Amino acid sequence: MVSRYSAPSAICTQTLKGTVSCGCIVDTLHSKSLPEDLSRRIASFLVVKNVNFEEIAVTCASSDRGDFPLSSVLESESNTWWISGEGTMRFRGEEYLQFRLSPDGRTRRVSFFGLSLPPMPHGPLSVRHFRLDWSLDGDTWIKGGKEHTLETIDMEGMQAFELSPAIDAACVRLVCFQNVVWAERFHYSNCASEPALTGFDCVGLYHVRMK
């Protein structure tokens with residue numbers, strides 16, 4: 014939500030989810046005889062900026078096969094990728110990449126999430142089902158609900174997902190549940206107890222984008 018303060022000199026800002034608009038805060042405090050500059054200073058603690066992709070960093074992964082540095086998922090080279098460790102995705106798992114959204118750890122808003130993957134038949138390890146979790150401090154995590162549990166499709170290029178509601182966080186985790194091979198195998202056989210597929214027990218992707 015973009016909030017506009019009614020005063021001509023005001024700057025349009027957005028506030029954290031679950032709070033009132035910046036303009037409402039300033040108006041209320043100013044009506045209680047607080048100076049306008051102090052009212053704006055108080056309101057600034059509830060203001061959240063949109064994420065700047067250039068400030069995002071990959072901080073860790075649950076596992077890594079080690080083909081390329083983790084930072085490659087934020088680059089644009091078509092010949093780099095991330096793949097989880099072997100044996101981490103037998104039918105279903107929870108392998109993740111963790112991202113810091115700003116250098117100083119401040120909260121940012123993420124409204125769109127993008128993934129690029131190699132399509133079949135070249136991408137049997139590509140993530141099919143995933144969830145977005147988030148944290149305000151990097152320690153306590155909020156597990157994404159059904160609105161933030163998503164599914165990729167078999168296509169080239171960047172797949173963009175609009176997040177509704179948007180995520181306000183300092184850190185985000187991309188949690189991968191299944192790769193393409195296991196998702197399709199379960200869909201057609203409806204059997205999770207089949208033996209592991211040799212060489213297909215991990216999950217991966219090319220690149221990640223946030224906006």
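Per my numbering, the very first residue in the sequence shown carries number 14; after that it's consecutive.
Cβ coordinates follow ideal geometry from the N, Cα and C atoms, glycine included.
Computed from a predicted model, the values in this text were never measured in an experiment.
Item: Segment limits, alpha helix (DSSP H) that includes Ser44; Value: 35–44
Item: Cβ-based burial, Thr165 [other Cβ within 10 Å; buried from 16]; Value: buried
Item: According to DSSP, residues forming a beta bridge with Lys62; Value: Arg121
Item: Proximal residues to Ala173 (C-beta, below 6 Å), its chain only, five neighbours per side dropped; Value: Phe125, Gly127
Item: Cross-strand partners of Leu128 (DSSP beta bridge); Value: Gln172, Val221
Item: Candidates Leu83, Met102, Gly100, Thr101: closest to Thr93 by CA position; Value: Leu83
Item: Short Cβ contact (9 Å threshold) for Glu197 with Arg105; Value: no
Item: Collapsed DSSP secondary structure at Ile180 in the structure displayed; Value: strand
Item: Lys62 versus Gly157: straight-line alpha-carbon distance, rounded; Value: 21 Å
Item: Neighbour-count burial assignment, Arg113, 16 or more Cβ in a 10 Å radius; Value: buried
Item: Backbone secondary structure at Glu107 - three-state DSSP; Value: coil
Item: 8 Å Cβ shell around Tyr109 - same chain, five flanking residues per side excluded; Value: Ala74, Ser75, Asp146, Arg186, Leu187, Val188, Cys189
Item: Residue ranges of each alpha helix (DSSP H) within the segment 130–159, 4 or longer; Value: none
Item: CA nearest to the CA of Ser148, picked from Trp95, Gly118, Leu218, Lys224; Value: Gly118
Item: Selected residue, minimal CA-CA separation from Ser91, among Glu99, Pro132, Gly100; Value: Pro132
Item: Residues near Phe143 by beta carbon distance below 7 Å, same chain, minus five either side; Value: Leu163, Leu187, Val188, Cys189, Phe190
Item: Simplified DSSP state of Arg54, which is helix, strand or coil; Value: helix
Item: Coil, strand or helix - Trp195 by DSSP; Value: helix
Item: Rounded separation between Ile180 and Phe213 - CA only; Value: 32 Å
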